[in-house]
Structure formats: C-alpha cells, structure tokens
Amino acid sequence: MKFAAIADVHGNHPALEAVLADIAGLGINEVVNLGDHVSGPLEAARTADLLIERDFPSVRGDQDRILIELWQGGTSTRGDFRQLERKHFDWLASMPPTLIYRDQVFLCHAAPRNDAAFWLDYVTENGDVRASPIEAIEPEAEGINAQLILCGHTHIPRVVRLRDGRLVVNPGSVGLPGYDGRTPVPYVVEVGTPHACYAILERTGEGWLVTMRHVPYDNAPMAELARSRGMRSWADAIATGWVQRESK
1 MKFAAIADVH GNHPALEAVL ADIAGLGINE VVNLGDHVSG PLEAARTADL
51 LIERDFPSVR GDQDRILIEL WQGGTSTRGD FRQLERKHFD WLASMPPTLI
101 YRDQVFLCHA APRNDAAFWL DYVTENGDVR ASPIEAIEPE AEGINAQLIL
151 CGHTHIPRVV RLRDGRLVVN PGSVGLPGYD GRTPVPYVVE VGTPHACYAI
201 LERTGEGWLV TMRHVPYDNA PMAELARSRG MRSWADAIAT GWVQRESK
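Numbering follows full-length UniProt numbering, with no gaps: position 36 of the sequence shown is 36.
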C-alpha cells in the first residue's frame with residue numbers, strides 16, 4: 001500500500017499542480033487530502049475546481065468549516081468566499097471531519113476531536129512554536145484503531161511515533177509554508193522553504209515508511225497575489241518560507 005497525503009492547499013493552485021505532477025511522476029495513483037483546501041487570498045475557485053475534478057478522499061478543515069458557516073449564514077465580504085459558487089460550498093459541506101482510509105489509516109485535519117487544535121506542536125506563552133511532548137500527544141489518539149494517523153493544520157511537517165508503535169504524520173502544507181497567528185498569543189509558523197510540501201506513505205514489512213517531499217514551483221505570482229490583497233505574511237511565506245516580523 002502506497003499513497004500520497006496532501007494538506008492545507010489554501011487556494012494555491014500552482015503549488016497544488018506542482019505537487020500533483022510530482023505525485024504522478026512517481027507513479028503514485030492514490031492521494032488523500034487533509035483539509036483547508038481553498039481559504040485565503042489566492043485562487044479559491046480555481047483550486048476547488050481542480051480538487052473536485054480529482055475527487056480525492058478528503059476531510060474538512062477548520063477553515064473549510066468556517067466558509068461553510070458563512071455560506072449557511074448568507075453572505076460574507078471575504079475574498080475567498082466571494083470567489084466560490086454553490087457547487088464549491090456543497091463540495092466542502094459534503095466532507096466529514098474525520099475519515100478511515102482503506103480500513104487502515106485515520107484521517108483528520110488538526111486533531112481527531114478538534115479541527116482547530118495544535119496537536120504535534122504547541123504555542124508557548126512567549127509565542128514560540130515547539131514540538132509537543134509525547135505525553136500531550138497520546139491522549140488525543142486514544143481509541144483510534146489505526147496504525148497510521150494523518151493530520152494537518154499547523155503546516156509543519158512532522159512524524160511522531162507513539163509509544164504503542166502507532167505513527168502520527170503531518171505532511172506539511174502544499175500552499176502556505178508560513179503564517180502568523182493570534183491565539184492564544186501572537187506567534188509565527190515558518191518552515192524555512194517556499195517549496196510545496198506533501199508526504200508519501202508506504203506500508204512495508206517493517207511498518208510505515210514516510211517520505212516528505214518538498215516541490216519547487218513558480219511561487220512568485222502567488223506571493224504577489226497575496227501581497228496585492230493585503231496579506232503580507234502570506235506573501236513573505238510563499239516567496240521565501242519565512243515570515244517578516246513587524247518592526248517595533
């Protein structure tokens with residue numbers, strides 16, 4: 001069993017195209033998608049159309065949920081919302097929050113019971129982003145009867161082996177290698193490369209083999225698009241993999 005896992009595309013259509021081309025070039029035919037497909041200042045509708053066409057097994061991310069809630073509420077001035085049509089919202093609303101893939105792999109967006117939680121990483125009181133201790137990770141995985149658990153949300157590629165042998169993998173972000181957040185305190189996530197990231201998972205006799213792939217693509221147009229729409233942190237991250245701090 002061999003497949004690819006993508007997450008957090010966030011409307012970055014060229015990054016998604018590059019990743020899908022890389023997956024196809026490796027002869028991999030199966031892909032799962034861990035959510036946050038289209039939200040942000042980039043190409044929401046174009047990205048949704050491509051993902052609808054591919055029809056990957058997919059779960060709903062927290063930003064997907066927010067878009068659905070806005071749609072159900074009637075309207076929004078958000079740029080991503082205004083790009084989308086009813087078919088796109090219907091597609092997002094059709095996704096479950098979690099999914100069992102091929103009876104062997106548990107899929108979620110952020111954590112199994114919370115679509116907006118930092119799980120494999122956490123934010124300190126000082127705003128630093130650090131790897132979570134195993135004691136904080138394992139309780140969230142209780143009751144999951146799968147040897148491989150996939151999650152996204154933080155955009156940070158990560159592999160964690162639980163003490164019972166199960167593996168938890170975050171494949172990183174296809175479309176957004178950094179961002180700034182405000183809750184619970186101001187913080188910045190940055191992975192240090194503008195490449196589009198995804199993971200390859202292969203079941204072997206010794207267990208699950210995980211390969212992270214960082215794929216270059218023409219990122220300049222998406223960085224400029226983010227900048228033109230007032231999202232400087234997105235523009236910085238897409239261009240460089242780093243987020244420029246605000247000067248004090």
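We put the beta carbon where it would ideally sit given N, CA and C, even for glycine.
Under the rule that a run must span 3 or more residues, the beta strand (DSSP E) segments found entirely inside the stretch 201-235 read 207-215. Just measuring C-alpha positions, the residue of Ala146, Asn145 and Ile68 sitting nearest Arg82 is Ile68. Under the three-state reduction of DSSP output, Thr240 falls in the helix class.
Contact check between the stretch 208-227 and the stretch 115-128: fewer than three CB pairs, one atom from each, fall below 8 angstroms, which does not count as touching. Taking Leu16 as the centre and dropping the five residues before and after it, the same chain places the C-beta of Val9, Thr47, Leu50, Val174 and Gly175 closer than 7 angstroms to its C-beta, in chain order. For Leu201, the closest of Arg65, Leu150 and Val215 by C-alpha to C-alpha distance is Leu150.
The C-beta distance from Val32 to Leu107 rounds to 6 angstroms, short enough to meet the 8 angstroms contact threshold.
Restricted to the stretch 121-192, the alpha helix (DSSP H) segments that are unbroken, complete and at least 4 residues in length are 134-137, listed in chain order. Residue pairing by DSSP puts Ile6 in a beta bridge opposite Asn33.
When the alpha-carbon of Glu138 is set against those of Leu162, Asp115 and Ala131, the nearest one is in Leu162.
With respect to the 8 angstroms criterion, Pro112 and Ala141 are classified as neighbours on the basis of their beta carbons. The Cβ-Cβ distance between Val243 and Glu206 does not fall below 8 angstroms.
Collapsing the DSSP output to three states places Thr98 in a strand. If you draw a straight line from the Cα of Trp208 to the Cα of Gln104, it is about 11 angstroms long. Runs of the alpha helix (DSSP H) lying entirely within the stretch 47-84, each at least 4 residues long, are 62-73 and 79-83 in chain order. Boundaries of the beta strand (DSSP E) harbouring Phe106: Val105 to Cys108, taken from the DSSP string. In the structure shown, Ala199 falls within a strand segment according to DSSP collapsed to helix, strand and coil. About 4 angstroms separates the beta carbon of His109 from that of Gly61, a gap short enough to meet the 8 angstroms contact definition.
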